[in-house]
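Engineer: One structure, pasted below without further comment.
Number of protein chains: 2
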Amino acid sequence: MNMETITIKDIARMCGVGVSTVSRAMNNHPDINEETKMKVMEIIKQYHYIPNNSARNLKRLDAKVIAILVKGISNPFFMKMIKIMESEIQKKKYSLVLHHVEMNEDEVDVALELIKEKRLRGIIFLGGYFTHTKEKLQQLQVPFVLSTIAMTQKYQDTSYSSVSVDDIKESYKLVDYLCKMGHKRIATIVASNLDESVGKLRQEGYRMALEDNGIEPDDSLIYVMNHELDPYTMENGYAVMNQILKSENVPTAVYAISDTLAIGACKAILESGRKIPEDISVAGFDGIDMAYFYSPSITTIRQPIEEIAKETVAILFDVLRKKVDHQHKTFEAELVIGGSTRKID
Amino acid sequence: MNMETITIKDIARMCGVGVSTVSRAMNNHPDINEETKMKVMEIIKQYHYIPNNSARNLKRLDAKVIAILVKGISNPFFMKMIKIMESEIQKKKYSLVLHHVEMNEDEVDVALELIKEKRLRGIIFLGGYFTHTKEKLQQLQVPFVLSTIAMTQKYQDTSYSSVSVDDIKESYKLVDYLCKMGHKRIATIVASNLDESVGKLRQEGYRMALEDNGIEPDDSLIYVMNHELDPYTMENGYAVMNQILKSENVPTAVYAISDTLAIGACKAILESGRKIPEDISVAGFDGIDMAYFYSPSITTIRQPIEEIAKETVAILFDVLRKKVDHQHKTFEAELVIGGSTRKID
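Here the protein sequences line up with chains A and B, keeping their order. Numbering (the working numbering) for the first sequence: 7 to 351. Numbering (the working numbering) for the second sequence: 7 to 351.
Structure follows, in structure tokens:
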């Protein structure tokens with residue numbers, strides 16, 4: 007059968023019902039037998055029947071473009087963000103151009119090139135860090151939003167928007183919890199000092215929490231991600247944790263600044279014959295699905311991924327269409343306690 | 007300091023070295039002290055200095071577009087594919103438009119709309135299934151490649167390309183291994199029968215392997231993903247495994263047709279107080295990083311993700327630029343044995 011010729015009449019005939027019944031099934035009308043409805047929907051799915059009006063509604067996609075420039079695309083955290091943003095952008099009848107910015111690339115330069123694309127209406131910068139002069143940012147002639155990006159220099163600027171959690175505060179929350187559970191030797195897996203990103207802010211929260219709990223931060227417990235491996239990956243956490251386990255000062259708890267790093271660390275701990283949390287407690291940051299499904303579930307800071315992604319797109323379109331002012335929005339994150347951390351004496 | 011005015015001379019001055027030393031550091035010249043080089047690179051990174059020539063080399067991105075239409079974007083397997091494809095497409099100086107196709111949407115209709123975008127040069131269909139008439143496919147006026155898509159109807163067609171593994175064969179390989187390890191009651195978590203995708207092929211491989219090992223396939227051991235949850239997710243595997251554990255016929259092994267499902271299944275098994283693999287063996291499919299880092303590592307079929315992604319883009323550009331014929335390429339996948347499966351008596 008030629009699929010293109012399939013009509014609602016064909017579907018009705020194949021199901022042995024009338025056209026109005028097919029229509030009721032498709033529109034979720036209450037006045038239809040559940041079994042009949044199931045049957046109709048199965049046939050519709052099987053033959054990939056598309057009702058005329060929804061075919062008509064297929065938006066023209068050649069019109070307008072929103073670009074997402076992402077740093078650190080390997081992290082499932084960003085993957086989920088991109089998925090939600092993509093779907094939100096599609097709802098607004100815009101197309102999404104996805105562009106990966108290398109760690110050593112300047113995202114504003116990349117954006118300036120992208121803007122030569124005449125139909126580009128807005129930009130979302132996702133992940134990484136952002137230390138640009140006001141002059142440079144002013145060159146960006148389309149509205150943009152920084153999403154989950156650490157801004158070490160806060161411009162109090164209304165020339166762009168930002169959406170994120172307070173990385174210092176949330177990191178503090180987690181490390182404070184570990185301290186309250188009796189941990190005094192808490193190692194951390196962080197980003198290099200050259201990295202101005204969330205890694206820096208999360209490390210700051212770690213230090214502040216220790217100090218407020220009367221623990222002198224010990225530099226020998228601060229481990230930097232392996233720069234030969236991709237940052238924020240399980241592989242990297244695994245490599246660094248093996249290094250920690252070989253040290254003379256094995257900690258009672260490890261706080262990795264992403265869940266991916268934490269999961270890699272768990273692998274190294276378990277492989278060494280140690281138990282989690284009996285021998286070492288492990289905590290992460292982000293709240294990706296994997297942290298929950300890991301065994302044991304990983305104690306983490308759960309960022310409201312969906313809210314952040316949706317708000318990022320919403321703000322961009324508000325600025326774009328309603329010409330409202332730019333805004334800076336900070337979401338609360340949640341300390342989620344899993345089986346990977348325990349109280350010690 | 008205004009970043010835009012930073013020159014190689016500024017960098018040299020800040021490092022206390024000559025301009026030629028900065029140049030050597032940037033070009034990885036052997037004739038430079040390692041410590042000096044590190045210092046220079048740190049300053050360069052810190053000030054986001056971009057050498058002139060690399061700024062010149064920034065490609066114009068407004069030119070040409072490749073679209074990826076993906077079904078099932080939640081699966082980390084596709085995420086990794088997209089990341090690699092994106093980077094390959096960028097190398098070719100094309101832009102990537104990412105478009106998510108809903109499970110009940112017709113990807114060819116979506117593609118036809120996208121083609122109205124005049125700069126669209128090629129399409130990659132990623133994931134899902136593909137049962138369209140030749141007539142319909144002929145409407146697609148730009149080259150396209152099907153990547154990791156099950157084609158239950160093989161057209162032997164040279165009007166498009168395809169890249170994938172042999173899902174029946176690879177699934178057979180895994181289930182045959184479980185049989186050879188002594189398992190006779192092997193449950194499987196599969197896609198609905200309405201789903202013509204890889205799910206169907208993998209189920210076929212499962213049945214064939216059982217039969218070749220003298221085991222009668224038992225329909226009560228075939229579990230369909232929960233249709234109220236996103237397919238191929240950990241959450242879904244968790245829900246279905248809980249259902250399996252409540253059944254009267256608890257199997258000795260479970261084969262989930264994706265690693266994400268398998269990881270969710272593990273969570274349910276461990277929560278019930280059972281051990282993996284002592285009480286139940288678990289196997290997945292795909293070979294995502296998470297399957298390896300899970301504890302225990304999950305026995306799986308590792309698809310050559312990187313090769314598949316790169317070959318998909320390479321073939322598309324061969325057709326596009328060199329006008330070579332379309333091709334259908336099948337990659338070998340690898341059975342990776344983890345700690346999640348064991349031999350039974």
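Idealized CB from N, CA, C, for every residue including glycine.
By a C-beta neighbour count over all protein chains shown, 10 Å radius and 16 as the cutoff for buried, is residue 144/B buried or exposed?
Structural biologist: When all chains shown are included, residue 144/B counts as exposed.
Engineer: Is it the case that the stretch 107–127 of chain A contacts the stretch 287–299 of chain A, given that we only count it when at least three CB pairs across the two stretches are under 8 Å?
Structural biologist: No, they do not touch.
Engineer: Select from 18/B, 25/B, 24/B, 348/B the residue whose C-alpha is nearest the C-alpha of residue 188/B.
Structural biologist: Taking only the C-alpha atoms, the option nearest residue 188/B is 348/B.
Engineer: Given a limit of 8 Å on CB to CB distance, which residues of the stretch 238–269 of chain B reach chain A?
Structural biologist: Flagged, chain order: 239, 240, 241, 244, 269.
Engineer: By the criterion of Cβ-Cβ separation under 7 Å, what are the contact partners of residue 328/A in chain B?
Structural biologist: By Cβ distance, chain B contributes nothing, its closest Cβ being about 26 Å from residue 328/A, past 7 Å.
Engineer: What are the residues that DSSP puts in a beta bridge with residue 305/A?
Structural biologist: In DSSP, residue 305/A forms a bridge with 289/A.
Engineer: Check whether the stretch 174–182 of chain A and the stretch 223–243 of chain A touch, using three or more Cβ-Cβ pairs below 8 Å as the test.
Structural biologist: Contact between the stretch 174–182 of chain A and the stretch 223–243 of chain A is absent, because fewer than three Cβ pairs lie under 8 Å.
Engineer: If you draw a straight line from the alpha carbon of residue 272/B to that of residue 197/B, how long is it in whole angstroms?
Structural biologist: Between residue 272/B and residue 197/B, the C-alpha separation is close to 18 Å.
Engineer: Go to residue 339/A, then tell me how far its beta strand (DSSP E) extends in each direction, as first and last residue.
Structural biologist: From DSSP, residue 339/A is part of no beta strand (DSSP E); its letter is neither H nor E.
Engineer: Is the Cβ of residue 185/B closer than 8 Å to any Cβ of chain A?
Structural biologist: Cβ-Cβ to chain A under 8 Å: no for residue 185/B.
Engineer: Report the CB separation of residue 303/A from residue 344/A in whole angstroms; it is logged as a contact under 8 Å.
Structural biologist: 3 Å between Cβ atoms; contact.
Engineer: Counting only the same chain and skipping the five closest in sequence on each side, list residues whose C-beta sits under 8 Å from that of residue 71/B.
Structural biologist: Correct list, in chain order: 100, 101, 102, 103, 123, 125, 126, 127.
Engineer: Report the rounded CA-to-CA distance for residue 327/B versus residue 26/B, giving the unit in angstroms.
Structural biologist: Cα-Cα distance, rounded: 40 Å.
Engineer: Can you name, in chain order, every residue of its own chain whose Cβ lies under 6 Å from the Cβ of residue 83/A, other than the five neighbours on each side?
Structural biologist: Closer than 6 Å at the Cβ level, and outside the excluded window around residue 83/A, lie 292, 294.
Engineer: Beta strand (DSSP E) containing residue 167/A: first to last residue?
Structural biologist: Here the beta strand (DSSP E) through residue 167/A covers 167–171.
Engineer: Between residue 272/B and chain A, is any beta-carbon pair separated by less than 8 Å?
Structural biologist: Yes, residue 272/B lies at the interface with chain A (some Cβ there is under 8 Å from its Cβ).
Engineer: Tell whether a beta-carbon distance below 8 Å holds between residue 278/A and residue 305/A.
Structural biologist: No, Cβ-Cβ distance for residue 278/A and residue 305/A is not below 8 Å.
Engineer: Is it buried or exposed for residue 167/A, if we count other Cβ within 10 angstroms and need 16 for buried?
Structural biologist: The residue in question, residue 167/A, is buried, as its Cβ has 16 or more Cβ neighbours within 10 Å.
Engineer: At a Cβ threshold of 8 Å, is residue 296/B touching chain A?
Structural biologist: It does: the Cβ of residue 296/B has a partner Cβ on chain A nearer than 8 Å.
Engineer: Within this structure, are the beta carbons of residue 261/A and residue 180/A separated by less than 8 Å?
Structural biologist: It is a contact, given that the beta carbons lie within the stated cut-off.
Engineer: So residue 96/A packs on residue 106/B, CB below 8 Å; how close in whole Å?
Structural biologist: About 7 Å separates the two Cβ atoms, so the contact holds.
Engineer: Looking only at its chain, what residues have a beta carbon closer than 8 Å to the beta carbon of residue 313/B, apart from the 5 residues adjacent to it on each side?
Structural biologist: Excluding residues within five positions, the ones whose Cβ falls inside 8 Å are 337.
Engineer: Beta-carbon of residue 131/A versus every beta-carbon of chain B: anything under 8 Å?
Structural biologist: No, residue 131/A lies away from the interface with chain B (no Cβ there is under 8 Å from its Cβ).
Engineer: Could you tell me which residues DSSP pairs with residue 128/A in its beta bridges?
Structural biologist: Residue 128/A is bridged to 72/A.
Engineer: Among the residues of its own chain, which have a CB less than 8 Å from the CB of residue 217/A, if the five just before and after it don't count?
Structural biologist: These residues qualify, in order along the chain: 223.
Engineer: Taking buried to mean at least 16 other C-beta atoms within 10 Å of its own C-beta, is residue 287/A buried or exposed?
Structural biologist: Buried.
Engineer: Who are the near neighbours of residue 212/A in its chain, counting only those whose CB is closer than 7 Å to its CB and skipping five residues on each side?
Structural biologist: The answer, listed in chain order, is 177, 181, 194, 261.
Engineer: How is the beta strand (DSSP E) around residue 261/A delimited, first residue to last?
Structural biologist: Unbroken beta strand (DSSP E) run through residue 261/A: 259–262.
Engineer: Does any C-beta atom of chain A lie closer than 8 Å to the C-beta of residue 345/B?
Structural biologist: It does not; no Cβ of chain A falls within 8 Å.
Engineer: Strictly by DSSP, which residues pair up with residue 153/A?
Structural biologist: 132/A, 169/A.
Engineer: Can you list, in chain order, the residues of the stretch 286–320 of chain B whose Cβ is nearer than 9 Å to any Cβ on chain A?
Structural biologist: Residues 295, 296, 298, 299, 300, 301, 302, 303.
Engineer: Which bits of chain B does residue 106/A rub up against, with CB to CB less than 8 Å?
Structural biologist: Simply 89, 92, 93, 96.
Engineer: From the beta carbon of residue 276/B, is the nearest beta carbon of chain A less than 8 Å away?
Structural biologist: It does: the Cβ of residue 276/B has a partner Cβ on chain A nearer than 8 Å.
Engineer: Cα-Cα, which of 87/A, 225/A, 247/A, 221/A is closest to residue 231/A?
Structural biologist: Measuring from the Cα of residue 231/A, the nearest candidate turns out to be 247/A.
Engineer: How many angstroms separate the CA atom of residue 18/A from the CA atom of residue 46/A?
Structural biologist: Distance between the alpha carbons of residue 18/A and residue 46/A is about 8 Å.
Engineer: Cutting at 7 Å between CB atoms, please list the residues of its own chain near residue 62/A, excluding the five before and the five after it.
Structural biologist: Here residue 62/A scores only 35 on pLDDT, less than 50, and its place in the model should not be relied on; the value that follows carries that caveat. Contacts found: none.
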